[in-house]
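The structure appears right after this line, and notes come after that.
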Amino acid sequence: MKSSFRTRLATAIAATAALAAAATAAAVMIAPPAFAQDPADIEDFDGIDDVLADLLAENDIPGAAVTVATSDTVETYVAGVADVASQTPVDAEDTVFPIDSVAKTVTASIVMDLVDEGVLDLDADVNDYLNEVEIEDTYPGEPVTLRHLLTHTAGFEEQVIGILADDSGTIAELEALLAEDMPRRVRPPGEVAAYSNHGLALAGLVAADAAGVGVGVGVELDELITERLFEPLGMDSSHAAALTPKALQERSATTYGPNGIEPVERFGDPLYPAGGAVATAADMGRYLQFQLGDGAPVFSEATMDEFHSTQFRHDPRLPGMALAFAERYRGETRMLSHGGDGPGSHSLLTLVPESDLGVYIVVNGDGWRGEGGSAIAAIESATDQILDGILGGEAGAAADGPAGAEAVEAPAEAAEAAAGTYRTTRMNDTDYTRLFLAMGSDVTVEVDGEGTVTTTGLSYDPDVAEQEWEPVGDGLYRERDGSALIAFGTLDGRTVLYNGSDAFQVVRWYENVMLHLGLAAAGLVLLLSQLVWPVVALVKRLRRRSSIEAERGLTGPKAATALASITAVLAAGFLAAFVAVAADMDQLTVAVLEGSPLVNLVSIPMLLAALGTVAMMCCVVMAWTRRWWGKRRRVHYTVVVLGAVAFTVVGHLYHFTIAPLALFG
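Heads up: the sequence shown runs through residues -36 to -1, 1 to 629, numbered per mature numbering (1 follows the signal peptide of the UniProt record, and there is no 0).
Next up, the structure:
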């Protein structure tokens, strides 16, 4: 899930993300073979309290907790408050934080437990285990498997509407939700990674169905997670379900929006296997030790090795995906990570298996930039500082590591072929979020005469707008003055940009969202010109008296004029209402995530304008065949109709013309 809205909708949406943004957002490095390292010693770095204090002070975040663990040691650090109003301090043992999408690793752990017992097979068709949900056979002979679900390579379309519960007090059951609203399969499995909350939620449902416990509103699956994972690990203050139990709610940190001022309400997570878990910092220490260990007391060492091994890479030279975890490299050090992002909460879990080290950071605020951007970048930076402090240098990178690799000469024409605008493969093409996701994910690639590539919009750090990349291999580029890598390849006949486990496909010129918005703006201007037509004076000068008298006897021209005027008002009304809603990004985010009918209601004028446009197209034909008005006015009416068509086509392209139909089921 890319962050921000690429800061709010695509991050919070990922709850989205996301998501995942933190899991896949960090700089990716050349991935050499793993090598043995000395075990980490937490006492080698005494600056964690300072890192935590800076994290809060520089980003206006109310509270945070850090857990650092090795196989035999757990240290927790806290700062700030769990609740601003009461000034309750954060407590490592008592304060419960949402872990959001880090819950995906919990779900993966349960799946691997059942794999260890022989109940599940990572490479079997998930339909073999599901009771009420059935995944469509969109690509015959290429079924979706658990390995696909846990590496985000199942090929599902992105879907974010309604992934969080609203304030109605009711939460859809997971099984019913997935049965009725499973995203479409839009590409063959195993082809490309595209972060999917529904995919991980489906993995949780598979585990529950295979274990024979069923799934309601989180109770049965919660029991499975508690009995098989939390209880054996001693995680007594952790819970995974659509709703957090009241006892833990009373201990939960309040989450805050921009600047740590306004609380953000949370009503539950219907897709809870993908993001509906809570835990204390102390409990996350126990979880880190489990992930760093040999699988005991949950499953075998061989199963843990499979859990953490590389499962998928877009390019063999780039980091990829383990099961639920994203690979990450700093220097020669291989890491596994997963981020969690929700309304007002952000977290990042990082494992360094070769150094027997784990770090977990969680905060209860979006940060001063708001929209999640500040907090996500801040906890990534804090994690890196802690890793550097404990492991030394750049996470223990050797002096001759990939950061010192020399650039190679590459044909400029080869690089020029990569120039263009790219869009994430984590897209939706069936509802109105297509516009938001397209606007929030586009990456621009420019190439100079020497083959150096400049990207805009690729970094997850809001302070980094552009990055320069030098060629270091065939289609492989290293960030100038750094070690991060990107690669270019081909997917579905199009150039694709790979950034770790993220993929961005080149956008054809006619798919450019700014072109579409420009066309819609021009169309609206032409349509609105209908409202300023100088009806009386100009018509009397340009037309003969007999034409005017003839017009007075006709109802068609009058109806066509009224129709165009009404359509123009409807189009303008839709735009005004939509801008008003979008002006409050928090409101829009909540509306989308909770499946509120707000956007559907706002789109009603767009639907009516579309119907008016169809009628206007009929009118313009009659205007010319029946010679309504004078020629000049007929030409103008034709222009008005073209404007209406342009505006409506763009509205329909992003599904605003059909959005109101969802109000009727």
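By construction, the Cβ of each residue, glycine as well, lies at the ideal position given by its N, Cα and C atoms.
All of these numbers come straight from a predicted model, not from anything done at the bench.
With H, G and I counted as helix, E and B as strand and the rest as coil, what does DSSP make of Tyr618?
Here residue 618 corresponds to residue number 654 of the sequence shown, with the count starting at 1. Tyr618 sits in coil when the DSSP states are folded into three classes, being neither helix nor strand.
With a threshold of 16 other CB atoms inside 10 Å of the CB of Glu229, please say whether the residue is buried or exposed.
For this step, residue 229 is matched to residue 265 along the sequence shown. Flag for Glu229 reads exposed.
Phe611 to Ser319, Cα distance in whole Å?
On the sequence shown, residue 611 is found 647 positions in, with the first residue counted as 1. On the sequence shown, residue 319 is found 355 positions in, with the first residue counted as 1. Rounded to whole angstroms, Phe611 to Ser319 spans 58 Å at the Cα level.
Expressed to the nearest angstrom, what Euclidean distance is found between the alpha-carbon atoms of Thr34 and Ile354?
Translated into the one-based positions of the sequence shown, residue 34 becomes position 70. Translated into the one-based positions of the sequence shown, residue 354 becomes position 390. Here the C-alpha atom of Thr34 lies approximately 11 Å from the C-alpha atom of Ile354.
With which residues is Ala28 paired in a DSSP beta bridge?
Your numbering for residue 28 matches position 64 in the sequence shown. Beta-bridge pairing by DSSP links Ala28 to Ala43, Val327.
Exposed or buried, what is Thr531 when buried is set at 16 or more other beta-carbons lying within 10 Å of its beta-carbon?
Here the question's residue 531 lines up with position 567 in the sequence shown. By the neighbour-count rule (16 or more Cβ atoms within 10 Å), Thr531 is buried.
Count the other CB atoms, across all protein chains shown, that sit within 10 Å of the CB of Gly163; report buried if there are 16 or more and exposed otherwise.
Your numbering for residue 163 matches position 199 in the sequence shown. When all chains shown are included, Gly163 counts as buried.
Whole-angstrom distance between Leu617 and Gly126, CA atom to CA atom
One-based indexing of the sequence shown puts residue 126 at position 162. One-based indexing of the sequence shown puts residue 617 at position 653. In this model, Gly126 and Leu617 are separated by some 21 Å (Cα to Cα).
Quick one: what's got a C-beta closer than 7 Å to Ala514's C-beta in the same chain, skipping five residues either side?
In the sequence shown, residue 514 corresponds to position 550, counting from 1. Caution applies to Ala514, whose pLDDT of 47 falls short of 50 and renders its modelled position unreliable; the value that the coordinates give is listed next. Within the same chain, Ala514 has no close Cβ partners at all.
How about Leu321 and Ala623: are their beta carbons less than 7 Å apart?
Reading the sequence shown from its first residue, position 357 is the one you call residue 321. Reading the sequence shown from its first residue, position 659 is the one you call residue 623. No, these two residues do not count as a Cβ contact at 7 Å.
Name the two residues that bound the continuous alpha helix (DSSP H) containing Thr267.
Here residue 267 corresponds to residue number 303 of the sequence shown, with the count starting at 1. Its alpha helix (DSSP H) spans residues 265 to 272.
Residue range of the alpha helix (DSSP H) that includes Ala290
Within the sequence shown, the letter at position 326 stands for residue 290. Counting along the chain, Ala290 falls outside any alpha helix (DSSP H), though it belongs to the beta strand (DSSP E) covering 290 to 294.
In this structure, does DSSP put Arg149 in helix, strand or coil?
Walking along the sequence shown from the start, residue 149 turns up at place 185. Strand, per DSSP.
C-beta atoms of Ala241 and Val60 nearer than 7 Å
As a working mapping, residue 241 is identified with position 277 in the sequence shown. As a working mapping, residue 60 is identified with position 96 in the sequence shown. No; because the gap between Cβ atoms is not below 7 Å, this pair is not in contact.
Compute the distance between the beta-carbons of Leu495 and Ser529, then report whether it is under 7 Å.
Your numbering for residue 495 matches position 531 in the sequence shown. Your numbering for residue 529 matches position 565 in the sequence shown. In this structure, Ser529 lies closer than 7 Å to Leu495 by Cβ.
Who are the near neighbours of residue 664 in its chain, counting only those whose CB is closer than 7 Å to its CB and skipping five residues on each side?
The structure shown does not extend to residue 664, since the chain spans only -36 to 629, so no value can be given for it.
Rounded Cβ spacing between Thr274 and Gly284 (contact assumed at less than 8 Å)
In the sequence shown, counting from the first residue as 1, residue 274 sits at position 310. In the sequence shown, counting from the first residue as 1, residue 284 sits at position 320. Right, the Cβ-Cβ distance comes to about 6 Å (below 8 Å), so this counts as a contact.
Measure the CB-CB distance between Gly44 and Pro26 and report whether it falls below 7 Å.
Here residue 44 refers to the residue found at position 80 when the sequence shown is read from its first residue. Here residue 26 refers to the residue found at position 62 when the sequence shown is read from its first residue. Against a cut-off of 7 Å, the Cβ pair of Pro26 and Gly44 comes out as a contact.
What's the C-alpha gap between Leu625 and Ala140?
As a working mapping, residue 625 is identified with position 661 in the sequence shown. As a working mapping, residue 140 is identified with position 176 in the sequence shown. When rounded, the distance between both Cα atoms is 21 Å.
Taking the beta strand (DSSP E) that Asn95 belongs to, which residues open and close that run?
The residue given as residue 95 occupies position 131 in the sequence shown. In the DSSP annotation of this structure, Asn95 is not part of any beta strand (DSSP E), being labelled neither H nor E.
Which whole-angstrom value describes the C-beta separation of Tyr386 and Gln469, a residue pair presumed to lie in contact below a C-beta threshold of 8 Å?
Position 422 of the sequence shown, counted from the start, is the residue given in the question as residue 386. Position 505 of the sequence shown, counted from the start, is the residue given in the question as residue 469. Between Gln469 and Tyr386 the Cβ distance is about 6 Å, and since that is below 8 Å, they are a contact.
Please classify Gly225 as buried or exposed, where buried requires at least 16 other C-beta atoms within 10 Å of its C-beta.
As a position in the sequence shown, residue 225 is number 261, starting the count at 1. Reading off the sequence, residue 225 comes out as Ile, not Gly. With fewer than 16 Cβ atoms within 10 Å of its Cβ, Ile225 is classed as exposed.
Val15 to Ile350 span [Cα, whole Å]
Translated into the one-based positions of the sequence shown, residue 15 becomes position 51. Translated into the one-based positions of the sequence shown, residue 350 becomes position 386. Distance between the alpha carbons of Val15 and Ile350: 8 Å.
Got a sec, what are the start and stop residues for the alpha helix (DSSP H) Glu121 sits in?
Walking along the sequence shown from the start, residue 121 turns up at place 157. Going by DSSP, Glu121 is part of no alpha helix (DSSP H) at all; its letter is neither H nor E.
Cβ atoms of Asn23 and Ser338: under 7 Å apart, would you say?
Counting from 1 along the sequence shown, the entry for residue 338 is found at position 374. Counting from 1 along the sequence shown, the entry for residue 23 is found at position 59. Going by C-beta atoms, Ser338 is nearer than 7 Å to Asn23.
By alpha-carbon positions, which one of Met248, Ala286, Glu155 ends up nearest to Ser311?
One-based indexing of the sequence shown puts residue 311 at position 347. When each option's Cα is compared against that of Ser311, the closest is Met248.
Count the CB pairs spanning the segment 479 to 488 and the segment 596 to 609 that are closer than 8 Å, and state whether there are at least three.
Segments in contact, yes.
For Asp47, the nearest candidate out of Ala72, Leu185, Ala204, Arg215 (CA to CA)
Sequence index remark: in the sequence shown, residue 47 carries index 83 (1-based). Nearest option by C-alpha distance: Arg215.
DSSP beta-bridge partners for Ala623?
The sequence position of residue 623 within the sequence shown is 659, counting from 1. BP columns for Ala623 are empty, so no partner.
In terms of residues, what are the limits of the alpha helix (DSSP H) holding Phe542?
Here residue 542 corresponds to residue number 578 of the sequence shown, with the count starting at 1. For Phe542, the enclosing alpha helix (DSSP H) has its first and last residue at 520 to 547.
Going by the CB atoms, is the gap between Tyr462 and Asp186 shorter than 7 Å?
Residue 186 sits at position 222 when you count from the first residue of the sequence shown. Residue 462 sits at position 498 when you count from the first residue of the sequence shown. The answer is no: Cβ separation not under 7 Å.
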